[in-house]
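**Student:** Once you've had a glance at the structure underneath, I'll fire off some questions.
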Amino acid sequence: MARRTFRPWVELLLEFYIFKILMTAPTYGNRISEELKKHTKGVACPNPNLLYPLLRKIENEGYIIGNWDSPDKRNRRIYHITQLGLDYFPELEQKAKEHFIQMEKNIAILRSCLFESEENA
615 MARRTFRPWV ELLLEFYIFK ILMTAPTYGN RISEELKKHT KGVACPNPNL
665 LYPLLRKIEN EGYIIGNWDS PDKRNRRIYH ITQLGLDYFP ELEQKAKEHF
715 IQMEKNIAIL RSCLFESEEN A
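When you read off a place in the sequence shown, starting at 1, and then add 614, the result is the number in the working numbering.
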C-alpha cells in the first residue's frame with residue numbers, strides 16, 4: 615500500500631506508538647491513549663480527535679483490524695495488528711528514528727540561536 619511521503623510528525627509518532635502497543639497485545643483506543651500517557655510520563659497525551667481517525671485510517675490501509683467486543687453494543691473496538699502491519703513496522707520505525715534525529719538537530723539549532731549569548735556569558 616502506498617504511504618504518503620509527507621506526514622505531520624505527531625501523526626507519524628502516534629502511529630508508531632500504536633503499532634508498538636498492538637505488537638504486545640490487542641487493545642482498544644482508550645487503552646492505547648492510557649498506555650501512551652503512562653509510558654511517556656504524561657509528555658504525550660493524544661487527543662481523541664487525532665487518535666480515532668488515525669486508527670480508522672491505518673485500519674483502512676490494512677495494517678490493523680478492529681472488531682467490536684460486543685457487536686450489539688459497540689462500546690469498545692479491539693484492534694489487532696495484521697501481518698501487513700508487522701511487515702510495515704520496520705519501515706515505520708526507521709521513519710520515526712529519522713524524524714527524531716531531524717527534530718534533535720532542529721532543537722540544537724534553535725537552542726544555539728536563542729541562547730548562545732547566555733551560554734557564552
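Glycine included, each C-beta is placed from N, C-alpha and C at the ideal position.
The model shown is predicted, which means the values in this text are computed figures rather than measured ones.
Would the stretch 700 to 709 and the stretch 632 to 643 be scored as touching if the rule is three or more Cβ pairs under 8 Å?
**Tutor:** With a cut-off of 8 Å, the stretch 632 to 643 and the stretch 700 to 709 count as touching, because enough Cβ pairs lie within range.
**Student:** Is the stretch 643 to 651 close to the stretch 661 to 671, with three or more CB pairs under 8 Å?
**Tutor:** Enough Cβ pairs lie closer than 8 Å, so yes.
**Student:** Quick one: Cα of C695 to Cα of I678, how far?
**Tutor:** It is Ile, not Cys, that sits at residue 695 in the sequence shown. About 4 Å.
**Student:** Does DSSP classify C661 as helix, strand or coil?
**Tutor:** Here residue 661 turns out to be Asn, not Cys, going by the sequence shown. In the structure shown, N661 sits in coil (DSSP, three-state: anything other than H, G, I, E or B).
**Student:** Out of curiosity, what's the CA-to-CA distance linking T654 and L628?
**Tutor:** Looking at the two C-alpha atoms, the distance is approximately 12 Å.
**Student:** Please report how far the alpha carbon of N681 lies from the alpha carbon of I692, in whole angstroms.
**Tutor:** Straight-line Cα distance between these residues: approximately 5 Å.
**Student:** Going straight from the alpha carbon of A722 to that of E712, what length do you get?
**Tutor:** Straight-line Cα distance between these residues: approximately 16 Å.
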